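One structure below.
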Amino acid sequence: MPPLLWLSAAFLSGVGLSAILRLPAAFWLTAAAASTGLALLEGRLTRRFSGWARLRWFLPLPAGVILTALLLGAWRWQIAQPHFSPADLAFYNDLGKAELSGWIASDPDRRENAVLLTVQVSSLRLQGSGSPLKVSGRAVLRLSPGGDWRYGQRVRVWGSPATPPEDETFSYRAYLARKGIYTYLTYPFVEVQTGQAGSPLLQAVYSLRRFAYRTLNQLFPQPEAALLSGILLGLERDLPVGLTRAFQDTGTAHIIAISGFNMTVLSGLFLALFGRFLPRGWASASAALAITFYTLLVGANPAVVRAAVMSSLALFGRLIGRRSAGLTPLAFSAAAMTAFNPWLPWDASFQLSFAATLGLILYAEPLQHTFEGWLTRRYSPSLARRIAPPVSEYFLFTLAAQLTTLPVVLAQFGRISLSALLANPLILPVQPLVMQLSGLALIAGMLWLPAGQVLGWLTYPFAALTIRIVEVLAALRGGTLDFGAAGWGMAVGLYALLFGFTALIKINPAHPIRWLDRLRSALKPSLVLGGLGILTLLVWGAALRRPDGKLHVILPHLPNGQAVLLRTPAGRQILLGSAPQANSLAGALGRETGPFSRRLDAAVLPFRQASLLEGMPAALERLPCSSLYWAVEPPASRTASRLHQTLSLTHTPQQQLAAGDRLQLDHDLILYVLQSDGERAALLIEYRDARLLMPNGFSPAVLRAASPLVNGASLLLGSLDGKDAPLDEWRSLNPAVILLQSPQAEGDGMISTADHGRTEWISDGRAIWLRGARH
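The working numbering numbers the first residue of the sequence shown as 605 and each following residue consecutively.
Here you go:
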């Protein structure tokens, strides 16, 4: 084994040993000095003691050197443990309200229902005390969504510094401690001060990231834009909860995060690009610099940094003619990163990334060699050479990574995905194409939006296909197995079985086969057919969304939401209502509008309840509307303020509607505001002889008195309805059909989105059709 591998493994072992024994740092440092002296006396010990000589023959380095590495690892972990003094911010946790001064030290983490700011604090003044105290430390601030927060802004904060919380299922305290953060403030008052702090380079990088994010949302509909934001920018915040769970249940969550897979694709692209006009050495150096810049752009989390280090080492290994994708670079990168951050081995993403790379190193080539040998014996060598590489790339290599990540997944999450064995081979083949085409579309769109849009149309089918495959497989029963609190004892036992079995059968790796040129020539006809297939999908997708002379009222399945999309006979798209979850709302609307339409023609808000409006600002930021109508009095709330800010940025006009007003949506299509009490408004859609009533909390008696049009209209009941009036009272209006956009039980003449999923009410002005996603 190479000496560097021994040193790296010893250092990592020392970190783990110190976490168990928890001896003072002075003990470990003294022992390290003693072991250094032992290394210096290695020659004398070897001559005097035969046992020491046999040990030296086995080890590639003096035993004292290896022991020193282990003890230094233990010392490094111990000195990283927090010991707070009055000069530390965390010393003042849980002491009441305080005024903090500092600056935003990272790119704001904007989530669906909150914004998290990491602030580097320089001074603190407790309430009722005198002058500010100089302190050092970082704090995480949880704020309401919205706000123009930027890296480097100087801020003043009024709040209550506290120790981060933890519970039985998740320790947010330990999570932040791994980042060196020990203070947490919930919903403090924050005031931006004049001046800037931090790195001008990082300010430019984060500004570029924000611009790229906005461009992606202009080029792609939701949820494809959310998926590509995760793949390209490391921003996974926009994915709807259901879709995120689908990726987790199918074992494909690594697709939506920056990983070694992404870095491998990028390093190859950068090397090929720079290699066209630079010598080999300069091309490798330029590719490594590009990977470093990309790592900063996507946030530089531990898994990304590890993947970047491994990719850079692979580039260096290729330059000097040595294969570097082995145990030594993996162990060295892990040890170097742990030396910088001793808490890193306890990070779940780092554990999964390390385990996946380990699996590829140990089992990828042996599995390919075994499979190719079986094909050769059963069929022919030529067939084996053609089939083995692609099967290995998309199935066996995935299996190799899953073998070593399985114990980590069980220990961290207590559940494993069986459908991953099917999902990964189905979606991995298109992922390099997704990443490359979407990356080109993004770059082109940032330079000139129409050029990026054309490339975006080519990318969209592959991103949409990825999502659809994941959703279909996630819906299969028995796709995941839940083991509860499996713990690390089971993980260690599984690793012992796996590595013991590996040593027993002594799998010999095969030499890699160069098949890329052969594959490229074979794919030339496929590229033509693939291009035609993409064009066909795009044309048909656009054709299915073309106006057909009918009114389509689409009810997406949105938990706790009350949002309806109208597609008018002329093709206008109008949103009625909203939903609490921005990601779910934007994803549902994006599926309906498709890749060619990136705007809503109008939006109508018939209620002012803050919880229902919560998802609207972010949804309209990703899918702007040409005009917005309030059928109620606009509320004076934080949510409404964020919505007004979004509408101002997108130059969207607003208009107030009152009870009795009517809005001409299309030829023969009218929206009536039947009743309004300032908090909510009842709406009625009339298209020739067909009508659809949305009570939004008003009783049948009130609506009957408001207009005779409600009699015989189809009825759409949402989360605001059914509380005061039972279903029998609604039937007194003689509705043609009752649609339920709430978790209520179905009955005669009723259709519920809870049972049927996405539901569509269609009319040509006379007849009515219903279409459900599930039956």
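Beta carbons: idealized from backbone N, C-alpha and C, even for Gly.
Computed from a prediction, not measured in an experiment: that's the story for all the values here.
Check, Outcome
"Is DSSP giving W1365 helix, strand or coil here?", "strand"
"Cα-Cα, which of A709, L789, R760 and P1304 is closest to R754?", "A709"
"Within 10 angstroms of its Cβ, does N1338 collect 16 or more other Cβ (buried), or is it exposed?", "exposed"
"Taking only three categories from DSSP, how would you classify T980?", "helix"
"Buried or exposed for L847, please, with buried defined as at least 16 other CB atoms from any protein chain shown within 10 angstroms of its CB.", "buried"
"Would you kindly report the start and end of the unbroken alpha helix (DSSP H) that includes I1017?", "Going by the sequence as given, residue 1017 is Phe instead of Ile. Unbroken alpha helix (DSSP H) run through F1017: F1001 to F1017."
"Can you tell me whether E1225 is helix, strand or coil according to DSSP?", "helix"
"Could you spell out where the beta strand (DSSP E) holding G741 opens and where it closes?", "L737 to L747"
"Answer yes if the segment 786 to 802 comes into contact with the segment 760 to 773, meaning at least three C-beta pairs across the two stretches below 8 Å, and no otherwise.", "yes"
"Starting from the Cα of Y696, find the closest Cα among P712, I683, P736 and I670 and give me that residue.", "P736"
"How long is the line joining the alpha carbons of V845 and N1187, rounded to whole angstroms?", "8 Å"
"Starting from T722, trace the beta strand (DSSP E) in both directions and tell me its first and last residue.", "V719 to L730"
"Taking G1376 as part of the beta strand (DSSP E), name the residues at either end of that continuous run.", "I1372 to G1376"
"What residues match up with A1286 in a beta bridge as DSSP calls it?", "Q1279"
"Quick one: Cα of L676 to Cα of L1037, how far?", "45 Å"
"Helix, strand or coil for Q1213 per DSSP?", "coil"
"Could you say which of T854, T974, L1053 and F958 lies nearest to V1012 if we only look at CA atoms?", "F958"
"Buried or exposed: W951, going by 16 or more other Cβ atoms within 10 Å of its Cβ?", "Going by the sequence as given, residue 951 is Asp instead of Trp. Buried: at least 16 other Cβ atoms inside 10 Å."
"Could you please give the first and the last residue of the uninterrupted alpha helix (DSSP H) stretch that includes H1248?", "R1242 to L1253"
"Less than 7 Å between the beta carbons of L1179 and L1204, yes or no?", "yes"
"Return the Cβ separation of A850 and F874 in integer angstroms, given the expectation that the two are a contact with Cβ distance under 8 Å.", "At roughly 32 Å, the Cβ-Cβ gap does not stay under 8 Å, so A850 and F874 are not in contact."
"Excluding five sequence neighbours on each side, which residues of the same chain lie with their C-beta closer than 7 Å to the C-beta of V669?", "A643"
"With 16 other CB atoms within 10 Å as the buried threshold, where does S937 fall?", "buried"
"Determine the direct distance from the alpha carbon of R1246 to that of V1380, and round the result to whole angstroms.", "A query on residue 1380 cannot be resolved here, the shown segment of the chain reaching from 605 to 1379 and no further."
"For the 8 Å Cβ check, are there 3 or more pairs between the segment 979 to 999 and the segment 1022 to 1033?", "yes"
"Please confirm whether A636 and T672 have their CB atoms less than 7 Å apart.", "yes"
"Quick one: what's got a C-beta closer than 8 Å to L1307's C-beta in the same chain, skipping five residues either side?", "L1278, Q1279, A1286, L1297, P1299, V1314 and L1337"
"On a CA-only basis, which of E770, A1222, G756 and L1331 is nearest L806? Give me that one, please.", "G756"
"Mapping the DSSP letters down to three states, classify Y788 as helix, strand or coil.", "strand"
"Do the CB positions of L1269 and T1172 come within less than 7 Å of each other?", "yes"
"Specify whether the segment 828 to 846 and the segment 867 to 884 touch according to this definition: at least 3 beta carbon pairs, one from each stretch, less than 8 Å apart.", "no"
"Is L693 closer than 7 Å to W741 when the C-beta atoms are compared?", "Correcting the residue type first, residue 741 is Gly in the shown sequence and not Trp. Result yes, Cβ atoms of G741 and L693 sit closer than 7 Å."
"How would you label T798, buried or exposed, when you count the other beta carbons within 10 angstroms and need 16 or more for buried?", "exposed"
"Using CA coordinates, which residue listed in L1010, L979, S1323 and L1253 is at the minimum distance from G855?", "L1010"
"Might you give, ordered along the chain, the residues of its own chain that have their beta carbon closer than 7 Å to the beta carbon of A1045, omitting 5 neighbours on each side?", "L823, G1056, L1059, G1060 and T1063"
"Whole angstroms is fine: what's the gap from L1170's alpha carbon to Y983's?", "58 Å"
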